[in-house]
Amino acid sequence: MTTNVAAGAVAGLGPAGNDAGAPVIMHALSRTFGTVRALDGLSLDIAPGEFVALLGPSGCGKTTALRIVAGFEFADTGTVTVDGKDIAPVPAAKRDMGMVFQSYSLFPNMTALENVGFGLRMRKMSGAERGRRAGALLDMVGLATQAKQYPHQLSGGQQQRVALARALAVEPRVLLLDEPLSALDAKVRLQLREQIRTLQQRLGTTTLFVTHDQEEALSMADRVGVMKDGKLEQIATPSVLYSAPATPFVAEFVGTMNRIPASYEGGDQVSVFGAVVPVHGDHALVPTGDVDVLVRPEGLTVDAVSGGNGIVTDRTFLGSLTRVTVRLSGSVTVKVDKASSAATNLVAGASVQIGMAGNEPVLVAERR
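Residue 1 is where the sequence shown starts when you use the numbering used here, and the numbers rise one by one after that.
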């Protein structure tokens, strides 16, 4: 896929850079539907040109937040400001925002070029200028040769690229993406998420992206906000979110996480597999000393030994790494990553010893 994108401008559509985007501030947003509290005091600041993803399970409130910003829903309490102005009185059609939906929402009786140019036509742009700009956007998303085709003649991925081009055609200062990739197959999703991120960086458009897919969120966003029950559990860069989750929910929702029995040693320390390690963050520990610690697969070691503390039940080859599944005493199962070159003897049924890979702080959770 090729794109004609210059370093300082995108196909003649104006300068790239963070000054193209507007700051968005959500303050204490609450929204109730019947007895369901979809948002519970959500506050979030998005800097000009920043790409922020809201991540969480179904029903956590992420889509409600996006729809309030778009103007399709209204908050019971709280405010949304764009560029310092409260946008509550502004109709959705006049909010200077582009939106891409999961379902494409293309006009079936319009060609790809006409779909991209629809918003420009509504803004009374001349036919010649509209055609030039829509054509430039289609070229930018790699669909110049499909300009005269109708939606039913395009693949799902192509339709979504047309929808993206249409959203960008009006040069919005805020771009809203509502799970735009969830209906596509894995290969196309990968291609499109890379393209969306590249275009967003070059155009400098402030972007709010809603998804339940952690891989999408972590690979595309500058910051990721993890939501639960209408609240923001944590917002941070992908690397911080993964390596230093603020709560057990975030830890177990983002990436693979092992929950391992441990005992409280006093102070800010716990004992895990005989090793005493520090506790991450300021968390109250269970007074009885019975706790669980949350450790990533790369935070553990696994070695084949006779009479070890676990038995291998499965292994998954991941290229340079092999993920080994080990059953410990009782019903506890852990996953450990090991260099594939050193994991040849870690076969199902092998006795192994599981330990801590280092002295990094661990997150503590109450035992289930």
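Think of the CB as a built atom: it goes at the ideal place given N, C-alpha and C, for glycine as much as any other residue.
Since the model is a prediction, treat every value here as computed from it, not as a measurement.
Contact between C60 and G230 holds, since their C-beta atoms are separated by about 7 Å, short of 8 Å. Residues of the same chain with a CB within less than 8 Å of the CB of E252, apart from the 5 flanking positions on each side, are R259 and L294 in chain order. For the 9 Å CB-CB criterion, R95 and T64 do not form a contact.
In this structure, A183 sits away from L137, with a CB-CB distance that is not shorter than 9 Å. With respect to P23, T206 sits close: the two C-beta atoms are nearer than 9 Å. When rounded, the separation of the alpha-carbon atoms in A246 and I235 is 9 Å. When rounded, the separation of the alpha-carbon atoms in A144 and Q195 is 15 Å. Using a C-beta cut-off of 8 Å, the segment 27-47 makes no contact with the segment 88-106, since fewer than three inter-stretch Cβ pairs fall below that distance. Boundaries of the beta strand (DSSP E) harbouring M26: V24 to F33, taken from the DSSP string. In the DSSP secondary-structure assignment, Q269 is bridged to G266 and P278. DSSP lists no bridge partner for M220. Judged by DSSP in its simplified three-state form, Q234 adopts strand. Per DSSP, I87 is not a residue of any beta strand (DSSP E), being assigned neither H nor E. In the structure shown, Q353 adopts extended strand secondary structure according to DSSP, grouped into three states. Taking each of A128, V250, M26 and M140 in turn and checking the Cα distance to K85, the smallest one comes out for M26. Inter-residue distance for L175 and D222 is about 14 Å (C-alpha atoms, whole angstroms). In this structure the segment 105-116 does not touch the segment 72-87; the number of beta carbon pairs closer than 8 Å is below three. Just so you know, the alpha carbons of G255 and A244 end up roughly 12 Å apart.
It is roughly 10 Å from the alpha-carbon of M122 to the alpha-carbon of A93.
Cβ neighbours of I311 within its own chain (closer than 8 Å, five residues either side excluded): V326, R327, G349, A350, S351 and V352.
In the three-state scheme derived from DSSP, where H, G and I count as helix and E and B as strand, L294 is classed as strand.
DSSP, read as helix, strand or coil, puts R197 in helix. In the structure shown, the three-state DSSP call for F51 is strand. Cβ contact annotation for G156 (same chain, cutoff 6 Å, sequence separation greater than five): L184, in chain order. Taking C-beta atoms as the reference points, F209 and L39 fail to come closer than 9 Å.
At the C-beta level, S263 and V291 come within 9 Å of one another. Between L192 and R161 a beta carbon distance of about 7 Å is seen, short of the 8 Å cut, so the two are scored as contacting. In this structure V279 touches D268 by the C-beta definition: roughly 5 Å separates them, less than 8 Å.
Check the Cα spacing between D337 and each of L318, N345 and H152: the tightest is with L318. According to the DSSP assignment, E366 belongs to the beta strand (DSSP E) that extends over L363 to E366.
Residue environment for A70: buried (at least 16 other C-beta atoms within 10 angstroms of its C-beta). A check of alpha carbon separations from F51 across Q158, A217 and R130 identifies A217 as the nearest. Between the C-alpha atoms of I68 and M227 there is a straight-line separation of about 16 Å.
Ranking S341, R323 and A343 by CA distance to the CA of K335 puts R323 first.
For M140, the enclosing alpha helix (DSSP H) stretches over residues G127 to M140.
The shortest C-alpha to C-alpha distance from L154 to any of A112, G308 and V36 is the one to A112.
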